[in-house]
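Chains F and Y are the protein sequences, given in the same order. In terms of the working numbering, the first sequence opens at residue 1 and continues consecutively. In terms of the working numbering, the second sequence opens at residue 1001 and continues consecutively.
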Amino acid sequence: MALMQGRFIDNIGRVYGIYTGGFLAFIILMAILEQLGVGADTIGILFVAFTIAIYAIIGWLSRTMEVDAYYVAGRQVPAVYNGMATAADWMSGASFVALAGGIYFGGYGYMAFIVGWTGGYVLVNSLMAPYLRKFGCYTVPDFIGTRYGGNLARLCAVIVLVVASFTYVTAQINATGTIAARALHIPFSYGVWLGLLGILLCSMLGGMRAVTWTQVAQYIVLIIAYLVPVIWMSNAQGFGIIPHFTYGEAASSMAQFEAQYGLNAPAEAMAGLSVLTTPHTGPVGDYAEWKFVTLALCMMAGTASLPHILMRYFTTPSVRSARKSVAWSLLFIFLLYFTAPALATLTKLQLLDPSLPTAIIGKPFAEVAALDWIQNWSSVGFLAIADQNGDGILQLNEFFMRPDIVVLATPEIAGLPYVISGLVAAGGMAAAMSTADGLLLAIANALSHDLYYKMIDPKADTAVRLIVARVLLLAIGALGALIASLQLTGILGAVAWAFCFACSGLFFPLALGVWWKRANREGAIAGMAAGFIAGSAYLYYVYTGGTPWFGLDHLRFGIVGMATSLVAMVVVTLLTPAPDEEIQRMVDETRVPSGPAILSAKH
Amino acid sequence: MSANDSDDVRDRYWAKTRNMTILVLVLWAFFSLVVPWMVGWLNTYKFIGFPLGYYMIAQGSLIAFVVIIWVQNWRQDAIDDEFGFGEEE
Chain F
1 MALMQGRFID NIGRVYGIYT GGFLAFIILM AILEQLGVGA DTIGILFVAF
51 TIAIYAIIGW LSRTMEVDAY YVAGRQVPAV YNGMATAADW MSGASFVALA
101 GGIYFGGYGY MAFIVGWTGG YVLVNSLMAP YLRKFGCYTV PDFIGTRYGG
151 NLARLCAVIV LVVASFTYVT AQINATGTIA ARALHIPFSY GVWLGLLGIL
201 LCSMLGGMRA VTWTQVAQYI VLIIAYLVPV IWMSNAQGFG IIPHFTYGEA
251 ASSMAQFEAQ YGLNAPAEAM AGLSVLTTPH TGPVGDYAEW KFVTLALCMM
301 AGTASLPHIL MRYFTTPSVR SARKSVAWSL LFIFLLYFTA PALATLTKLQ
351 LLDPSLPTAI IGKPFAEVAA LDWIQNWSSV GFLAIADQNG DGILQLNEFF
401 MRPDIVVLAT PEIAGLPYVI SGLVAAGGMA AAMSTADGLL LAIANALSHD
451 LYYKMIDPKA DTAVRLIVAR VLLLAIGALG ALIASLQLTG ILGAVAWAFC
501 FACSGLFFPL ALGVWWKRAN REGAIAGMAA GFIAGSAYLY YVYTGGTPWF
551 GLDHLRFGIV GMATSLVAMV VVTLLTPAPD EEIQRMVDET RVPSGPAILS
601 AKH
Chain Y
1001 MSANDSDDVR DRYWAKTRNM TILVLVLWAF FSLVVPWMVG WLNTYKFIGF
1051 PLGYYMIAQG SLIAFVVIIW VQNWRQDAID DEFGFGEEE
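Laid out in structure tokens, this is it:
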């Protein structure tokens, strides 16, 4: 097995090169089939089934019974590939499916997610990743438990991790279910379980090693699927092959169209669907700048505290390669995030600009109602048009759409062939599955390593530990699918909550663990507990109808949690004795990149 | 290795690392927190056809983050090597 792994690592570039070529050939084959008259449904099914089968094969080939391989992929993942895996781990169903739609409807204010989800990596790189890698831990609570000492600190970290990651994972399973249901024509409640099956095939047998190599494959699929429609649409509209630097005129012209059509609330609202009411390029309303900055800050601090991201940097061979892999991660993530506003702008232009044949706003109502894509999407309840003022013309505030479908519907709006829609469905599936994999593994590993092995049964042998880890993975996945099938929350709200939970409880205990030698156990426990409880209590307060303080609504409760966490941690630390010599020496060691890890290789 | 282990070398290494981290965080705060505060004013200017404030949020700050991390890692590697803490890969 060791020999196999060595050979694979040596040939990794060639393996993924062939894989990428194969995927492109598959897309061309599908395009030919479409020309030959194969139905759209068949093409959608082939896209989703083919890609999931590939991931499952990779997962099976990476099966392992070694602790080191299961928890940290043997710590031999090269920086570039770890960067790709992190990017797939990172970009969830929310980024792929919902982000551009959010920008389309939410306008400028929504772009705080873009700034937050990229800027957070500066914090990961400066404050966290290299030091946690030097520490040599398997999980994030492993760091907290060792740095501060004691089972109570470890337990607090496990609780915050489980709550944050579980909130996140239900949203991802929800997204896989939605896409599987649409592409395979099965009810949503079956789609959820089918999605879970795909996710578990990738992670059950091989743990972190299997997840790493499937995530690399998933990144390649999702980035191709995101870029192709935008580039295609940009060509059709005359913005050139790379639209990112040339869509400026389109963005500028939005203000003019907004003035022409008017950004008004609809005469009669429709549940679950939105009309365009916010301007595209600038802040508006009370606290607009403050709201932007606080949302960005929660997302950034959350990025630097979410365990499924931090644990990806435990898999690199060295501290230096951990840093390098953060840089690659951000570059790969950046490719999608700087495309999202372009996608939102070009799609909006398709619908609004009267000089384009695809425009619908301002056109006769009956003409628009006869369009294929309008009929397809409104038949499933994701879109609606209603001539509410009775003038026979479709006004901007008479066009209702679910924000989540903008990316999925864009190929049809722009009149692209169906093969592109199939590709986008496969990309969305890859994005949601890869994130769900990472999250499920983070939860199961924390429970099996920190709760079971470190706290309940420290004498457990390797085989038992790995079986416990897999049973937990299965159980948590099933629980997640069960909750997802109830459809309690939307995809985006749940994701923002996960970031806020993580930064409320973990940001300061993690950062100060490295950067403040004086920080001690009592302070860390106070920081985790007070931050997490204050954040959750504030969420409960605003969610049940309380008036937000300074515009801090339920998406931004991390600000309250983080502030409480910082104050509690500093005050309690200063009131209690400094940590002992040994811990202080451990912190010194953590700060130096060379030398052996703090925790031994097989702890 | 043992020659480098003296506390003095470590302290100087950490002081340099810390100063660079502070500089990085100041730049980070500028692009992620200060620029969004000035968006209304920046939007009165144009940049390659975009309203400038919109451009900074949609692309400019993102590009800045990528550049910051790559330059930081390049400088940090140099600091590691200078004090003999660099690792062979």
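All C-beta atoms in this analysis are idealised placements derived from N, C-alpha and C, irrespective of residue type, glycine included.
| Check | Outcome |
| --- | --- |
| Closest Cβ-Cβ distance between M4 (chain F) and chain Y: below 8 Å? | With a pLDDT of 48 at M4 (chain F), under the threshold of 50, the modelled position of that residue is not reliable, and the figure given next carries that caveat. No, no contact with chain Y. |
| State the Cα-Cα distance for the pair L3 (chain F) and D10 (chain F), rounded to the nearest angstrom. | Residue confidence for L3 (chain F) is low, a pLDDT of 41 falling below 50, so the modelled location carries little weight; the figure read from the coordinates is stated next. When rounded, the distance between both Cα atoms is 11 Å. |
| Which residue's Cα is closest to the Cα of A304 (chain F): F:R75, F:A181, F:I533 and F:G120? | F:G120 |
| If we cut at 8 Å on Cβ distances, does P307 (chain F) have a partner in chain A? | Reference to chain A is not applicable here, since the protein chains of this structure are F and Y. |
| Does the separation of the CB atoms of T347 (chain F) and V406 (chain F) fall below 8 Å? | yes |
| Closest by CA to T139 (chain F), which one among F:T410, F:F365, F:V464 and F:Y453? | F:Y453 |
| Closer than 9 Å between beta carbons: that is the criterion. Which residues of the stretch 285-318 of chain F meet it against chain Y? | A288, E289, W290, F292, V293, A296, L297, M300, P317 and S318 |
| Which complete alpha helix (DSSP H) runs does the stretch 455-495 of chain F hold, if anything under 4 residues is left out? | 462-485 |
| When you compare only the Cα positions, how much space is there between A1003 (chain Y) and V592 (chain F)? | Only weak support exists for where A1003 (chain Y) lies, its pLDDT of 46 falling under 50; the value from the coordinates is given anyway. For A1003 (chain Y) and V592 (chain F), the distance between alpha carbons rounds to 14 Å. |
| Going by CA-CA distance only, name the one from F:Y19, F:T170, F:V124 and F:Y131 that's closest to G493 (chain F). | F:T170 |
| Counting only beta-carbon atoms, is T1021 (chain Y) nearer than 8 Å to chain F? | yes |
| Is there contact between the stretch 36-52 of chain F and the stretch 424-435 of chain F, where contact requires at least three CB pairs shorter than 8 Å? | yes |
| How would you write the range of the alpha helix (DSSP H) that A250 (chain F) sits in, first residue to last? | G248 to Y261 |
| Considering only residues of the stretch 144-221 of chain F, which uninterrupted alpha helix (DSSP H) runs meet the minimum length of 4 residues and lie entirely inside it, listed in chain order? | 151-184 and 188-203 |
| Which of the residues in the stretch 1050-1073 of chain Y, read from start to end, lie with their CB under 8 Å from any CB of chain F? | F1050, P1051, G1053, Y1054, Y1055, I1057, A1058, Q1059, S1061, L1062, I1063, F1065, V1066, I1068, I1069, W1070, Q1072 and N1073 |
| Just to make sure I have the definition right: I need the residues of chain F whose C-beta is within less than 7 Å of the C-beta of V1026 (chain Y). Which are they? | Neighbours of V1026 (chain Y) on chain F: none; closest Cβ ~11 Å, over 7 Å. |
| According to DSSP, M401 (chain F) sits in a beta bridge with which residue or residues? | F:S274 and F:L383 |
| For Y1045 (chain Y), count neighbouring C-beta atoms within 10 Å of its own C-beta (all shown protein chains included) and say buried if the count is 16 or more, exposed if not. | exposed |
| Going straight from the alpha carbon of A597 (chain F) to that of G37 (chain F), what length do you get? | 60 Å |
| Are the CB atoms of R209 (chain F) and T316 (chain F) nearer to each other than 8 Å? | no |
| F532 (chain F) and V542 (chain F) - do their beta-carbons sit closer together than 8 Å? | no |
| Please look up how many angstroms separate the CB atoms of G415 (chain F) and M30 (chain F), rounded, as I've assumed it's under 8 Å. | Contact doesn't hold; Cβ gap of about 18 Å is too wide. |
| Listing by chain order, which chain F residues have their CB less than 8 Å from the CB of S1006 (chain Y)? | What S1006 (chain Y) touches in chain F: nothing, since even the nearest Cβ is about 12 Å away. |
| Find the residues of chain Y that neighbour T118 (chain F), judging by a C-beta separation of less than 7 Å, and give them in chain order. | L1062 and F1065 |
| From F135 (chain F) to W516 (chain F), what distance separates their C-alpha atoms? | 16 Å |
| When burial is assigned at 16 or more other CB atoms within 10 Å of the CB, is A578 (chain F) buried or exposed? | exposed |
| What are the boundary residues of the alpha helix (DSSP H) that A524 (chain F) is part of? | R521 to Y543 |
| For I1079 (chain Y), which of helix, strand or coil comes out of DSSP? | helix |
| Compare the C-beta of S95 (chain F) with all C-beta atoms of chain Y and state if any pair is closer than 8 Å. | no |
| What are the partner residues of K1046 (chain Y), as DSSP defines its beta bridges? | Y:P1051 |
| For the alpha helix (DSSP H) holding V15 (chain F), just list the boundary residues, first then last. | I12 to Q35 |
| Roughly how many angstroms separate the alpha carbons of G149 (chain F) and L155 (chain F), rounded to a whole number? | 11 Å |
| Let's see if you can read the secondary structure: which residues bound the alpha helix (DSSP H) around R63 (chain F)? | Counting along the chain, R63 (chain F) falls outside any alpha helix (DSSP H), and DSSP gives it neither H nor E. |
| Any beta carbon from chain Y within less than 8 Å of F557 (chain F)'s own beta carbon? | no |
| Taking the continuous alpha helix (DSSP H) assigned at G428 (chain F), which residues delimit it? | Y418 to N445 |
| Can you check whether the CB of V228 (chain F) is closer than 8 Å to the CB of I420 (chain F)? | yes |
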